[in-house]
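Residue numbers (this note's numbering), protein chains in the order written: chain A, 1264 to 1809; chain B, 103 to 274.
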Ligand SMILES: [Cu+2]
Ligand SMILES: [Cu+2]
């Protein structure tokens, strides 16, 4: 079913994909160094400076959460859509304009942060207001990703018209759900930036409705995590089983999962403001229940990906209940990345359930537990699959064999163990009430002494991660100059155990789901956002950041 | 359309798991009324010092006419006012917190007191402090009470880390 495509079959967007991913991965490496600096500063090993610390933290967050992700996803997305549908990217010039816009936005925002005028962290909660260039840069990064949404969906619509009744390839179905999710997701933060933060930052308004801003940001804050995660799931479903030498266990379950991720992850953002005073308990409870639903697609994914890996292990001679685990291709970087990502999903998902637990959130809210949690689930699961995808794509994009498979496998193990070494003590610091986002700890020695051993342990994990990140980038860089040509440049996706001949219309498009989302989003947000327009709100004065 | 029987079984198990967890939350919320702080009470934060409730002389811990213990705290860049409050363990207490400037967070070690403090709103936490759990991590004082730190846990500017106070908990 999956059509193999070589660069010559049509104008495959290899350069477009490489350009996006190189921006993503080079800034990713810079970002890990910032993370290590922050650990050292908190441990008292470099001179303490709040200005440098919070500036660094803002840049670290913006680079890893917004730049790495958006550039990687858009680049990977173009490549998946083109190779899954077997045709060139439509409107390639528009795609490059989008790339340029995103790059410009990144540079502007980065300069704004480095100049010390935008130390508002990557969540930029008002009424603290950064220099306007920070918001302008962020807006350009967002706007520059819109062409990708348009192109991804336009290509799918045309393909469907030309292939009536045929199932959209799962890889494309997943990326289309990601594009639609991204369109819905950005609405909240775009409205906040354009109507509240930009006007305040250029001095047009002196006051701001903080409750409204927090609700709009919460609209975006949950689904954006799934914008980062869906491409990783696309990799787990359609690339990892192939690289492991097995089959995808079930195509249909994959479709159900992508639909669920889209529909369930959007109307639940109030869980980010569980302990906010301006939202009522009933609405928080409703969003809490929705949050539990979004655990479903991840539980299903864990099963299907494990079952797919099992087919690979058994084909390679694995017997008995667990014998197939031993025979998995542990030295194959793409498969290894997939395996480690799924393993990381277990502790990461557990932490997520704790945070989602309504009143229990008050115990861990804004402690180090939260930062530990999202580093584990994002850095541990999503980014590990980004690595695996890169190892799969680089020979195909460059025509050169991967510089070193052994180095790649070592890099993945180092990342996996470094991430655990970093985040396990980090979670515990949160349970010991250590607040997140503090440049140092000027509190009573009793409590600080309790934190010390865990802060030092984190340093070990952080160092491993920086090393691993540099190994990853070096391997990709050296691949470009490798004398050995790639075995082949064909892009192939995993085949399903049983061929997929037809799927119900509901699992072959998104129209119905979009209408359902209109209803769900209205139900979930009309009151929590609308209340600020009819209740007696006192606007707040705007505060600078210096 | 084809879903493997094993996958169906796993989907059922997953649904059961998610349903149980969600059910537990609804149960604790409805039957035991355990909620996060959510009182939706607006206040003009630009005139906070002029409101009778959050004027300077009214801050700190008071026993109201009906017997409840109420602690009123203002969180402002980068201090907690008053810096130290004394509350009893084992009895229901109410914390009312407001800010004249930006968003802060209030978290008291050893307790389940945790709330965002958002300009324009009064945050309110109702709880009963368990003496044993604060005693486990706090500093013991000569009179038998225990001191635990109170942190700001929302980034509020370059002095954020310096924004903290103390809660002295007296045994029942
Ligand atoms: Cu969320
Ligand atoms: Cu603070």
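Every residue gets a Cβ at the ideal spot worked out from N, C-alpha and C, and that includes glycine.
Remember, it's a predicted structure, so these values are computed and weren't measured experimentally.
Residue i (DSSP reduced to helix, strand or coil)
{"i": "residue 172 of chain B", "result": "strand"}
{"i": "residue 1804 of chain A", "result": "strand"}
{"i": "residue 1698 of chain A", "result": "strand"}
{"i": "residue 1689 of chain A", "result": "helix"}
{"i": "residue 74 of chain B", "result": "Residue 74 of chain B lies beyond the stretch modelled for chain B, which goes from 103 to 274, so this question has no answer here."}
{"i": "residue 261 of chain B", "result": "coil"}
{"i": "residue 198 of chain B", "result": "strand"}
{"i": "residue 1784 of chain A", "result": "helix"}
{"i": "residue 164 of chain B", "result": "strand"}
{"i": "residue 1391 of chain A", "result": "strand"}
{"i": "residue 177 of chain B", "result": "strand"}
{"i": "residue 267 of chain B", "result": "strand"}
{"i": "residue 239 of chain B", "result": "helix"}
{"i": "residue 1718 of chain A", "result": "helix"}
{"i": "residue 1467 of chain A", "result": "coil"}
{"i": "residue 356 of chain B", "result": "Because chain B here runs from 103 to 274, residue 356 of chain B falls outside it and cannot be looked at."}
{"i": "residue 1752 of chain A", "result": "coil"}
{"i": "residue 136 of chain B", "result": "coil"}
{"i": "residue 1799 of chain A", "result": "coil"}
{"i": "residue 193 of chain B", "result": "coil"}
{"i": "residue 1511 of chain A", "result": "strand"}
{"i": "residue 1383 of chain A", "result": "coil"}
Integer-rounded CB distance, given that residue j should sit under 8 Å from residue i
{"i": "residue 1551 of chain A", "j": "residue 1619 of chain A", "result": "6 Å"}
{"i": "residue 1280 of chain A", "j": "residue 1338 of chain A", "result": "5 Å"}
{"i": "residue 1470 of chain A", "j": "residue 1782 of chain A", "result": "Their Cβ separation, rounded to whole angstroms, is 34 Å, which puts residue 1470 of chain A and residue 1782 of chain A out of contact at 8 Å."}
{"i": "residue 1283 of chain A", "j": "residue 1329 of chain A", "result": "Contact doesn't hold; Cβ gap of about 14 Å is too wide."}
{"i": "residue 189 of chain B", "j": "residue 182 of chain B", "result": "That pair is no contact at about 14 Å."}
{"i": "residue 1474 of chain A", "j": "residue 220 of chain B", "result": "7 Å"}
{"i": "residue 1759 of chain A", "j": "residue 1514 of chain A", "result": "4 Å"}
{"i": "residue 1730 of chain A", "j": "residue 1677 of chain A", "result": "6 Å"}
{"i": "residue 1529 of chain A", "j": "residue 1411 of chain A", "result": "Wrong, their Cβ atoms sit about 19 Å apart, outside the cutoff."}
{"i": "residue 1631 of chain A", "j": "residue 1689 of chain A", "result": "6 Å"}
{"i": "residue 1654 of chain A", "j": "residue 1495 of chain A", "result": "Not quite, the Cβ-Cβ distance comes to about 14 Å (not below 8 Å), so this is no contact."}
Limits of the alpha helix (DSSP H) - the one that residue i falls within
{"i": "residue 145 of chain B", "result": "First-last for residue 145 of chain B: undefined, no H or E at that position."}
{"i": "residue 1342 of chain A", "result": "1332-1348"}
{"i": "residue 1411 of chain A", "result": "1409-1425"}
{"i": "residue 208 of chain B", "result": "Note, residue 208 of chain B: premise wrong, no alpha helix (DSSP H); beta strand (DSSP E) at 206-210."}
{"i": "residue 1515 of chain A", "result": "1514-1528"}
{"i": "residue 1493 of chain A", "result": "1473-1501"}
{"i": "residue 253 of chain B", "result": "Per DSSP, residue 253 of chain B belongs to no alpha helix (DSSP H); it is in the beta strand (DSSP E), 248-253."}
{"i": "residue 1547 of chain A", "result": "1544-1556"}
{"i": "residue 1630 of chain A", "result": "Counting along the chain, residue 1630 of chain A falls outside any alpha helix (DSSP H), and DSSP gives it neither H nor E."}
Interface flag, residue i vs chain C, CB-CB below 8 Å
{"i": "residue 257 of chain B", "result": "Going by chain labels, chain C is absent from the structure shown, which instead holds the protein chains A and B."}
6 Å Cβ shell around residue i - same chain, five flanking residues per side excluded
{"i": "residue 107 of chain B", "result": "none"}
{"i": "residue 1332 of chain A", "result": "1491"}
{"i": "residue 1317 of chain A", "result": "1382"}
Residue i: first and last residue of the uninterrupted beta strand (DSSP E) it sits in
{"i": "residue 1435 of chain A", "result": "Unbroken run through residue 1435 of chain A is the alpha helix (DSSP H), 1433-1455; no beta strand (DSSP E)."}
{"i": "residue 1703 of chain A", "result": "Taken as a continuous stretch (DSSP letters only), residue 1703 of chain A belongs to no beta strand (DSSP E), as it is neither H nor E."}
{"i": "residue 109 of chain B", "result": "No beta strand (DSSP E) holds residue 109 of chain B; the alpha helix (DSSP H) holding it covers 107-132."}
{"i": "residue 1377 of chain A", "result": "Note, residue 1377 of chain A: premise wrong, no beta strand (DSSP E); alpha helix (DSSP H) at 1355-1377."}
{"i": "residue 1661 of chain A", "result": "First-last for residue 1661 of chain A: 1646-1661, but that is the alpha helix (DSSP H), not the beta strand (DSSP E)."}
{"i": "residue 1268 of chain A", "result": "From DSSP, residue 1268 of chain A is part of no beta strand (DSSP E); its letter is neither H nor E."}
{"i": "residue 189 of chain B", "result": "186-190"}
Cβ shell of residue i (< 7 Å), same chain only, five flanking positions each side left out
{"i": "residue 1794 of chain A", "result": "none"}
{"i": "residue 267 of chain B", "result": "182, 185, 186, 252"}
{"i": "residue 1542 of chain A", "result": "1533, 1536, 1791"}
{"i": "residue 1595 of chain A", "result": "1506, 1507"}
{"i": "residue 1698 of chain A", "result": "1629, 1630"}
{"i": "residue 1265 of chain A", "result": "Note on residue 1265 of chain A: pLDDT 45, under 50, position unreliable in the model; the coordinate value appears next. Correct list, in chain order: 1432, 1755, 1756, 1758."}
Cβ-based neighbour list, residue i, same chain, cut-off 8 Å, excluding 5 preceding and 5 following
{"i": "residue 160 of chain B", "result": "154, 174"}
{"i": "residue 1591 of chain A", "result": "1507, 1572, 1575, 1576, 1579, 1581, 1598, 1602"}
{"i": "residue 1353 of chain A", "result": "1414, 1417, 1418, 1421"}
{"i": "residue 1747 of chain A", "result": "1663, 1664"}
{"i": "residue 196 of chain B", "result": "170, 171, 172, 173, 226, 227, 228"}
{"i": "residue 1588 of chain A", "result": "1576, 1581"}
{"i": "residue 1276 of chain A", "result": "1341, 1342, 1345, 1351, 1352, 1355, 1358"}
{"i": "residue 1561 of chain A", "result": "1608, 1612"}
{"i": "residue 1293 of chain A", "result": "1326"}
Near ligand 3: residue i beta-carbon under 7 Å from a heavy atom
{"i": "residue 1485 of chain A", "result": "With respect to ligand 3, the structure shown offers nothing to examine, as its ligands consist of ligand 1 and ligand 2."}
### Message
Which runs of the beta strand (DSSP E) at least 3 residues long sit entirely within the region 1271-1330 of chain A? Give them in chain order.
### Response
none
### Message
Extract the residue ranges of the alpha helix (DSSP H) inside the region 1560-1604 of chain A, only unbroken runs of 4 or more that lie entirely within it.
### Response
Assignment of alpha helix (DSSP H) within the region 1560-1604 of chain A, counting only whole runs of 4 or more residues, yields 1583-1589 in chain order.
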